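Undergrad: In this note's numbering, the protein residues as written are 2 to 437.
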RNA sequence: GCCCAGGUAGUGUAGUGGCCUAUCAUGAUGCCCUGUCACGGCAUCGACUCGGAUUCAAAUUCCGACCUGGGCGCCA
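1) Taking residue 346 as the reference, give the member of 266, 368 and 200 with the closest Cα.
2) With the cut-off set at 8 Å, would you say residue 11 and residue 44 are in Cβ contact?
3) In whole angstroms, give me the CA-to-CA distance for residue 197 and residue 332.
4) Please state whether the Cβ-Cβ distance between residue 208 and residue 254 is less than 8 Å.
5) What are the residues that DSSP puts in a beta bridge with residue 325?
6) Tell me whether the beta-carbon of residue 416 lies closer than 8 Å to the beta-carbon of residue 257.
7) Look up residue 23 in the DSSP assignment and say whether it is helix, strand or coil.
8) In chain order, what residues of the same chain have a beta carbon less than 7 Å from the beta carbon of residue 378, not counting five sequence neighbours either side?
9) By the 10 Å Cβ neighbour count, where 16 or more other Cβ atoms means buried, how is residue 18 classified, buried or exposed?
10) Look up residue 234 in the DSSP assignment and say whether it is helix, strand or coil.
11) Here's a check: name, in chain order, each residue in its chain whose Cβ is nearer than 6 Å to the Cβ of residue 272, leaving out the five neighbours to either side.
12) Should residue 86 go down as buried or exposed, given a rule of 16 or more other Cβ atoms within 10 Å for buried?
13) Would you mind sorting residue 288 into buried or exposed? The rule is 16 or more other CB atoms within 10 Å of its CB.
14) Provide the residue(s) that pair with residue 183 in DSSP beta bridges, ordered along the chain.
15) Restricting to Cα atoms, I'd like to know which of 31, 98, 426 and 372 is closest to residue 59.
16) For residue 95, list the residues DSSP reports as bridge partners.
17) Using only the heavy atoms of the ligand HEM, determine whether one of them is closer than 7 Å to the beta carbon of residue 22.
18) Could you spell out where the alpha helix (DSSP H) holding residue 125 opens and where it closes?
19) Which residue from 222, 277, 68 and 165 puts its Cα closest to that of residue 214?
20) Cα-Cα, which of 212, 229 and 211 is closest to residue 218?
21) Could you tell me which residues DSSP puts in a beta bridge with residue 264?
22) What residue does the alpha helix (DSSP H) around residue 203 start on, and which one ends it?
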C-alpha cells in the first residue's frame with residue numbers, strides 16, 4: 002500500500018550517512034549487467050543510483066526491476082551505502098521497489114538526451130521535455146526572476162495590480178490584437194496594461210506594477226517573439242524617465258543577484274554556466290550616438306529617424322558589451338504618450354533597455370496634460386475621439402509619471418543564453434502553435 | 001506578410017534518377033553478462049508528409065497542398 006510520501010528523502014539529501022531511505026522519482030536509466038542491475042532514479046533535486054544485486058534482493062524487487070521501463074514513476078526504500086563506485090559516493094540497495102506508474106514505450110523523446118530532439122518535438126511532449134534537468138533549470142530560474150521582481154518592487158513601496166486582459170478596443174496602437182467574442186460584443190485580448198496602470202496613477206496609487214500576460218497578434222516568425230508573453234509593467238507618479246531607468250537597472254541587477262544566489266544547483270545540473278551579474282549603472286547611450294555606432298558596424302544604410310534593426314541592435318550591443326539604455330529617441334518613432342523634451346520637442350524622454358542580443362524593455366516619461374496628449378494623437382494622424390476611454394482620466398488631475406514594460410521571457414532568455422524565446426515559456430504560443 | 005532552407009523508423013540522421021530489399025546512432029523486444037556510470041555482446045523490430053506529373057525506373061526531378069526551422073518586416 003502506498004503511503005507516507007512526506008517521509009521520502011529528496012535525492013540531493015541522500016548522503017553516505019543517510020541510512021534507511023525512501024526515495025521517489027522517475028527511472029532515468031536502467032543498466033542491466035545480468036546478476037547486477039543499476040537503476041538511476043531521478044527527482045527534481047538530482048539523480049541517485051539504485052543498485053540491485055539480483056540474488057541478494059527479494060524476488061519481488063528483482064521482478065519489479067526487471068520489468069520497469071524508463072521514465073516510470075517508482076518508490077524505492079532501502080539502505081543507503083557509501084561506495085566509491087557510485088556517483089555521489091552513495092547508492093541505494095532496495096528492500097522494496099514499487100512501480101507507481103509505468104511509462105509506455107517508446108518514449109516520444111529521450112529524456113536522458115543521448116539523442117537530441119528538435120524544439121518542435123520537445124514542445125509537443127513538453128511534459129516529458131521538462132523532466133530534463135536543463136529545461137527544469139530554465140523554469141526554476143524563471144520562477145526566481147518573478148519572485149525577486151515582486152519582492153523588489155514591494156520593497157520599494159509598489160502596489161501590485163491586476164488589470165483586464167479582455168478589453169474593448171485597440172487603445173495603444175502599434176500592434177495587431179486578437180479579436181474575441183464577448184457575448185454580443187466584439188472584444189480583444191489586451192496588448193499591454195499600459196493604459197490601466199496609467200489610470201491607477203490617476204487614481205493616486207503613485208507606484209504600481211503588474212506581472213501578467215500580454216497578447217500580440219503579429220505574424221512574426223522569429224526566435225525572439227511570442228504571441229503570448231509575460232510582461233513586468235511598472236508606472237511611477239512624480240517621476241521622470243531618469244527615475245524609472247534607475248529603478249529598472251536596480252531591479253535587473255537585483256534579479257540577477259537573486260538567481261545567482263538561489264539557482265546555482267539547478268543551473269549546474271542543467272549544464273548552464275553560472276549567471277554573471279551585470280554592473281550598474283548601465284550606460285545611457287543617446288539615440289544619435291547609437292545610430293552612428295550602428296552605421297559603422299553594418300552594411301545597410303541607417304538614417305536619423307529609423308528604428309534600430311536587429312542587425313543594428315547587434316552591432317551596437319557588440320560595441321557596448323553589456324546592458325545599456327538607448328535614450329533621447331526622436332519623438333516621431335515613439336508612441337504618442339511619450340513626453341517630448343521641453344527644450345527640443347523633436348526628441349523625447351523615452352528609452353529602451355538593451356541586452357547586447359536584443360531589446361528587453363521600453364519606457365518613457367508619459368505626457369500627463371490632456372491637451373498635449375490630444376495634440377500628439379492628432380499629430381500622428383489618429384483621431385482623438387477614438388481615444389476617449391484613454392483620455393478621460395487626464396481631465397481630472399493626472400500626476401506627472403513615467404514607467405516601463407519589461408519582457409520576462411527575454412530577460413530569462415538573455416540571462417541564460419537561450420537560443421529561442423520559446424525555451425523560456427512552458428507552453429509557448431507562436432504563429433503556428435496553439436497546443437499543448 | 002515577404003524571402004530562404006527543410007519534411008526519411010519513437011528520437012536524431014545518411015542517402016541528388018537504377019548500386020535502396022534505404023545508412024548510422026539511439027530506442028523498443030528477446031537472450032547472455034555482478035560494478036555500470038553514454039555499460040558491453042548477440043538477434044529481432046521499426047521510416048521515405050500527402051496528392052498529382054515526368055520517366056522504362058522517383059526517397060531523389062517538377063507542380064500543388066500541408067507541416068517545420070530560420071532571416072526580414074512588424075513588434076517588446
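Note that beta-carbon positions come from the ideal geometry of N, C-alpha and C, so glycine has one too.
Predicted, not measured: the structure shown is a model, and the values here were computed from it.
TA: Considering the structure as presented:
1) 368
2) yes
3) 23 Å
4) No, the pair does not count as a contact, with Cβ atoms beyond the cut-off.
5) 284 and 355
6) yes
7) strand
8) Leaving aside the five residues that flank residue 378 on each side, the residues in its chain whose CB is nearer than 7 Å to its CB run, in chain order, 337, 385 and 388.
9) Within a 10 Å sphere around the beta-carbon of residue 18 sit fewer than 16 other beta-carbons, which makes this residue exposed.
10) strand
11) 135
12) Classification of residue 86: exposed, given that the 10 Å Cβ count is below 16.
13) buried
14) Looking at the DSSP assignment, residue 183 forms a beta bridge with 186.
15) 98
16) 79
17) For the structure depicted, the ligand HEM is absent and the ligand set is empty, with no information on it obtainable.
18) 120-125
19) 165
20) 229
21) Answer is none; residue 264 lacks a bridge partner.
22) 195-203
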